[in-house]
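Novice: Structure in structure tokens, see below.
Laid out in structure tokens, this is it:
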């Protein structure tokens, strides 16, 4: 039996369960503004997005299926597990964006 594409999409966006990129959620939970300040990086939307994207590129993808209620403990678990790795990638991303911003200085 083949499930229509629209039905799959509708099922994936229901509130009961959804798939989440844990690393993306963890990066967004960080105090990015503090890193930008500390490493003297431009705070425009483009540079902030570039820092986040570069940091995520250096991290392993970690997708989970979760309900709303079960997501916070999952994020806490992975945050403690990948904290140093995540911070290292954020620092590397800040340095790279500072040295090569993708807009006029």
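Residue numbers (my numbering): 6 to 110. Built from N, CA and C at the ideal position, the CB exists for glycine as well.
Taking only three categories from DSSP, how would you classify residue 26?
Specialist: For the purposes of this step, residue 26 is taken as the residue at position 21 of the chain shown. Strand, per DSSP.
Novice: Comparing alpha-carbon positions, which option in 99, 95 and 72 lies nearest residue 31?
Specialist: What you label residue 31 is simply residue 26 of the chain shown in a count that begins at 1. When each option's Cα is compared against that of residue 31, the closest is 95.
Novice: With a cut-off of 8 Å, do at least 3 Cβ pairs link the segment 81–100 to the segment 39–48?
Specialist: Verdict: yes, contact present.
Novice: What number of angstroms, rounded off, separates the C-alpha of residue 107 from the C-alpha of residue 41?
Specialist: Looking up residue 107 in the chain shown gives position 102. Looking up residue 41 in the chain shown gives position 36. Roughly 15 Å between the two C-alpha positions.
Novice: My output table needs one value for residue 44: the three-state DSSP class, helix, strand or coil.
Specialist: Working through the chain shown from its first residue, we reach residue 44 at position 39. Here residue 44 sits in coil by DSSP.
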